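Working notes for the structure below.
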Amino acid sequence: MTWKRKDLLGLEELSSEEISLILQTAKSFKEVSTRQIKKVPALRGRTVVNLFFEPSTRTKTSFELAAKRLSADVLSFEVSTSSVSKGETIVDTARNIEAMKVDCFIVRHSVSGAPWLIARSVKAAVINAGDGCHEHPTQALLDLFTVQERFGHLKGLSVAIIGDIRHSRVARSNIWGFSKMGVRVIVCGPPPLVPLGIEEMGCEVTYRLEEAIRQADIIYLLRLQKERQRENYLPSLQEYSRLFGLEERHYQGMNKPFFLMHPGPMNRGVEIRSCLAEKSNSLILEQVTNGIAVRMAVLYLTMGSQR
Amino acid sequence: MTWKRKDLLGLEELSSEEISLILQTAKSFKEVSTRQIKKVPALRGRTVVNLFFEPSTRTKTSFELAAKRLSADVLSFEVSTSSVSKGETIVDTARNIEAMKVDCFIVRHSVSGAPWLIARSVKAAVINAGDGCHEHPTQALLDLFTVQERFGHLKGLSVAIIGDIRHSRVARSNIWGFSKMGVRVIVCGPPPLVPLGIEEMGCEVTYRLEEAIRQADIIYLLRLQKERQRENYLPSLQEYSRLFGLEERHYQGMNKPFFLMHPGPMNRGVEIRSCLAEKSNSLILEQVTNGIAVRMAVLYLTMGSQR
Amino acid sequence: MTWKRKDLLGLEELSSEEISLILQTAKSFKEVSTRQIKKVPALRGRTVVNLFFEPSTRTKTSFELAAKRLSADVLSFEVSTSSVSKGETIVDTARNIEAMKVDCFIVRHSVSGAPWLIARSVKAAVINAGDGCHEHPTQALLDLFTVQERFGHLKGLSVAIIGDIRHSRVARSNIWGFSKMGVRVIVCGPPPLVPLGIEEMGCEVTYRLEEAIRQADIIYLLRLQKERQRENYLPSLQEYSRLFGLEERHYQGMNKPFFLMHPGPMNRGVEIRSCLAEKSNSLILEQVTNGIAVRMAVLYLTMGSQR
Chain A
1 MTWKRKDLLG
11 LEELSSEEIS
21 LILQTAKSFK
31 EVSTRQIKKV
41 PALRGRTVVN
51 LFFEPSTRTK
61 TSFELAAKRL
71 SADVLSFEVS
81 TSSVSKGETI
91 VDTARNIEAM
101 KVDCFIVRHS
111 VSGAPWLIAR
121 SVKAAVINAG
131 DGCHEHPTQA
141 LLDLFTVQER
151 FGHLKGLSVA
161 IIGDIRHSRV
171 ARSNIWGFSK
181 MGVRVIVCGP
191 PPLVPLGIEE
201 MGCEVTYRLE
211 EAIRQADIIY
221 LLRLQKERQR
231 ENYLPSLQEY
241 SRLFGLEERH
251 YQGMNKPFFL
261 MHPGPMNRGV
271 EIRSCLAEKS
281 NSLILEQVTN
291 GIAVRMAVLY
301 LTMGSQR
Chain B
1001 MTWKRKDLLG
1011 LEELSSEEIS
1021 LILQTAKSFK
1031 EVSTRQIKKV
1041 PALRGRTVVN
1051 LFFEPSTRTK
1061 TSFELAAKRL
1071 SADVLSFEVS
1081 TSSVSKGETI
1091 VDTARNIEAM
1101 KVDCFIVRHS
1111 VSGAPWLIAR
1121 SVKAAVINAG
1131 DGCHEHPTQA
1141 LLDLFTVQER
1151 FGHLKGLSVA
1161 IIGDIRHSRV
1171 ARSNIWGFSK
1181 MGVRVIVCGP
1191 PPLVPLGIEE
1201 MGCEVTYRLE
1211 EAIRQADIIY
1221 LLRLQKERQR
1231 ENYLPSLQEY
1241 SRLFGLEERH
1251 YQGMNKPFFL
1261 MHPGPMNRGV
1271 EIRSCLAEKS
1281 NSLILEQVTN
1291 GIAVRMAVLY
1301 LTMGSQR
Chain C
2001 MTWKRKDLLG
2011 LEELSSEEIS
2021 LILQTAKSFK
2031 EVSTRQIKKV
2041 PALRGRTVVN
2051 LFFEPSTRTK
2061 TSFELAAKRL
2071 SADVLSFEVS
2081 TSSVSKGETI
2091 VDTARNIEAM
2101 KVDCFIVRHS
2111 VSGAPWLIAR
2121 SVKAAVINAG
2131 DGCHEHPTQA
2141 LLDLFTVQER
2151 FGHLKGLSVA
2161 IIGDIRHSRV
2171 ARSNIWGFSK
2181 MGVRVIVCGP
2191 PPLVPLGIEE
2201 MGCEVTYRLE
2211 EAIRQADIIY
2221 LLRLQKERQR
2231 ENYLPSLQEY
2241 SRLFGLEERH
2251 YQGMNKPFFL
2261 MHPGPMNRGV
2271 EIRSCLAEKS
2281 NSLILEQVTN
2291 GIAVRMAVLY
2301 LTMGSQR
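Chains as they are written, first to last, in our numbering: chain A, 1 to 307; chain B, 1001 to 1307; chain C, 2001 to 2307.
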């Protein structure tokens, strides 16, 4: 199959064939970053714009490196100092930048749907780098890639996603992605942080960490945003950590081993005891490495589709 | 003719032949941005420094892209975090950066004349990207380019510049540029925002929008800085908008059509009714597109002149 | 000899042979920046990360240009907007970036030892771009390069370092560097700003500027941080300037000429009378020029050592 979409806005709308195509393309790009000369000319002379309305050095850097390794030119549009603060609409901003003949926008915004709004207003490719509590598709794709690489397949595995499911775009994209690829998804967190009816997305729910761990091949810890406590979703971080934080004892008496994943940055001592992040079952740094390959694939496919 | 100047500081000092040379060079560069590989090797290995003492993502991005499409290396000198805040003079700053063997400075500063001060202190090319209320030459050049491209010529046309003439470097550069190229220039705005004696620059004055529109082939709306109200130049934005904002009714009963221009970013609802910006007579996005070509030309000519 | 270290953390640990190797390598790179096409392909496809936890446009720009002139890709990790503000440790930050397969970190941090902490946690090269009051090795190397280039040799010369010795990483690196290369080092400043026992680093101490000048071939003025006054190290800037500021009269009646150096940015009127910075004996801009060559050498040697 070939890629037909101009944009990558979320995993909800993708078919499993489209997801497979991205993972397969990423596989062929992964090798590039292991070379001494980490560069291929695939997108030479193309212009990629990082349009981040919400700060994120990590994701921005990953996209920037991915674009540079494909030989594209990368512009970072710093929104705090930009015309947006002068009262321009985001569509005006995007259209104006597009008029400079750019090929792709990487968009992060605190409002769900903002990348979609831009996508339908411009001819350039738009990649969602995280919008509100909605989706973060490249994060889920790199997670799928990491699991597939480790197990050799996806179908038939089980992943438990632990934490603040309610506010997590990472959780949402991963529920869509894993379930579409035949992976059983169990979500687990404090009741106020697990939306009622989430089962309709194709996942199971438990409120007990031990039960989630017992059933899963992969434990996927979400980052706990400390502001949730202020918003009265949590009695205290200590409480959260005691009930949902991963500890040494969870490794004991397991009938089967599990792998550990986290989208970063970690709150050491909150969702995870500090010493566990470096254990041999942790895939956390592999996720970061694979992020480059997956983003190279997404840039390549969406921009290629303009031809 | 060939280009002889090291710097581009303003249009006041340029001859019509020099302006023509820039427009002609821009024409040949415009095609580059329509290619799939938007890059020519003209300035490979040259170093261009964005030295912005005033924030401006839009102009900075346009220059950055122009430089990259000529294969130059671009450095952005972020002034808020720079030595300038440690009390260094701007000439010291520029001389120090020049000692790293850079070829060109793009300078924006809130003080009129700052680019000139730097230009006479360094051997590198200096391009004024907007200084105080003085000049913004590349904006006017891209405006000239856009009009010439649309009409096939400049001579004999009429342009009406509407808004805060007093504080606008865009207006000043455009008055010099258009009048040198044989275009009749009418300026129009509330009396406190039109300097007395501005006719000496070679333009006409009216205080009635309808009269300006009736006579012009191009309506050039300036951005109204909302701080003007606080400074007591305006009774209210509503008042301004009612008297000088472009509305649907201005399109009716015209004896001839007009084109609409704006340097961006627009205040929708202040200097223009929101729906009008997308009308077919709007050249606003073409201006942005042409900004890249004109800045490529200016970079190429000024840096070429060092050889 | 060949370079064997993965990192450049300070001059204290380097042998004079290693310092000579860097200076020699820098010499061959200096010519690159005088070409019209200021670029060699030595590090094409390598990724260099500017990891600055303390603002510094000048040093960051110098490293960025050095890396670009070697054709490396450069990423700037802006720490104010980064995950560090989300409570991540600096080692986590560095390991995460390294997982994106980067080749070199340029680290500046307000805490002494931070680059060392990162260096032992990653396989990538780490270059100290200034850590707390500890070391700033590339500054001292460019100073050594500048003196050697001017005199043709280092051995047997005398340098007087004037100012706030106590808080200066530039002073510390220069004391190590100059004394290892056979240059006599005299430090001079107000007693509270000269640490007791500093002679053990291999330098002499005087508290009188005239005495320092009388003995030195090179006067190296440090930048006086104005916050020292608030911290009660100084009665007043005027006092400091009167006793330790370089003035016209110091040029009169000298039995031998001296050269003037300063790491920038200068406090004109504090450590130096404004007019003296441009005198013919000033090597200040040469230092900046040589910074590029020395940093190219350091990037080339440390990254080459990974092969």
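By construction, the Cβ of each residue, glycine as well, lies at the ideal position given by its N, Cα and C atoms.
From a predicted model like this one, the values you see are computed outputs, not experimental measurements.
Neighbourhood of C:GLU2064 in chain B, by CB distance below 7 Å: LEU1075, in chain order. The segment 160-178 of chain A makes no contact with the segment 45-63 of chain A, as fewer than three CB pairs between them are under 8 Å.
The C-alpha of A:ILE284 lies about 25 Å from the C-alpha of A:HIS109. Looking only at C:SER2241, C:PRO2235, C:VAL2270 and C:PHE2151, the smallest Cα-Cα distance to C:ASP2217 is reached by C:PHE2151. When rounded, the separation of the alpha-carbon atoms in A:CYS133 and A:ARG166 is 8 Å. In the three-state DSSP reduction, C:TYR2233 falls in the coil class, being neither helix nor strand.
Apart from the 5 residues on each side of it in sequence, C:GLY2304 sits with its Cβ closer than 8 Å to the Cβ of TRP2003 in its chain, given in chain order.
Residue-level contact by beta carbon fails for A:LYS226 and chain B, as no gap is shorter than 7 Å. The DSSP-derived three-state label of B:HIS1134 is coil.
One finds SER1033, THR1061, SER1062, LEU1065, VAL1288, THR1289, GLY1291 and ILE1292 in chain B with Cβ atoms closer than 8 Å to the Cβ of A:MET100, taken in chain order. Under the three-state reduction of DSSP output, B:MET1254 falls in the coil class, being neither helix nor strand. A:HIS262 has its alpha-carbon roughly 21 Å from the corresponding atom of A:TYR233. Along the segment 2041-2053 of chain C, the positions whose C-beta sits under 8 Å from a C-beta of chain A are ARG2044, GLY2045, ARG2046 and THR2047, read in chain order. It is roughly 26 Å from the alpha-carbon of C:CYS2275 to the alpha-carbon of C:SER2062.
A:GLY45 places its beta carbon 7 Å or farther from that of B:ILE1272. Under the 10 Å beta carbon count, A:LYS123 is surrounded by fewer than 16 other beta carbons and is classified as exposed. Closest in alpha carbon position to A:TYR251, among A:LEU209, A:GLU239, A:ILE186 and A:PRO235, is A:LEU209. In this structure the segment 2180-2200 of chain C lies against the segment 2006-2019 of chain C, because at least three pairs of beta carbons, one per stretch, are closer than 8 Å. Assignment of C:SER2158 by DSSP, reduced to helix, strand and coil, places it in the strand class.
The CB of C:ARG2095 comes closer than 8 Å to the CB of LEU285 in chain A, given here in chain order.
Taking a beta-carbon distance threshold of 7 Å, C:LYS2279 does not count as an interface residue toward chain B.
Counting along the chain, C:ARG2172 sits inside the alpha helix (DSSP H) bounded by residues 2169-2180.
Rounded to whole angstroms, the separation of the alpha carbons of B:LEU1070 and B:LEU1011 is 24 Å. For A:MET303, there is no enclosing beta strand (DSSP E); the residue is part of the alpha helix (DSSP H) that begins and ends at 284-304.
The three-state secondary structure of B:MET1266, taken from DSSP, is coil.
Taking C-beta separations shorter than 7 Å and ignoring five residues to either side along the sequence, the partners of A:LEU154 in its chain run LEU144, VAL147, GLN148, MET181, GLY182 and VAL183, following chain order. Residue pairing by DSSP leaves A:ASN96 without any beta bridge partner. For the pair A:VAL270 and A:GLU135, the Cα-to-Cα distance works out to about 24 Å.
Contact check for A:ASP92 and B:MET1100: beta-carbon distance about 37 Å, past the 8 Å limit, so the pair fails to qualify.
Our two residues, A:THR57 and C:PHE2077, have alpha carbons roughly 7 Å apart in a direct line.
Look at the segment 1010-1086 of chain B and you find these whole runs of alpha helix (DSSP H), each 4 residues long or longer: 1016-1030 and 1057-1069. Cβ-Cβ distances below 8 Å link C:LEU2117 to ILE2090 and VAL2091 in the same chain, with the five nearest sequence neighbours on each side left out; the list follows chain order. The beta carbon of B:GLN1225 sits closer than 8 Å to the beta carbons of ASP1164 and HIS1167 from its chain, once the five residues preceding and following it are set aside; these are given in chain order. With fewer than 16 other Cβ atoms inside 10 Å of its own Cβ, C:ASN2255 counts as exposed.
For the 7 Å CB-CB criterion, B:VAL1205 and B:VAL1187 form a contact. Taking 9 Å as the cut-off between beta carbons, none of the residues of the segment 2141-2155 of chain C comes near chain B.
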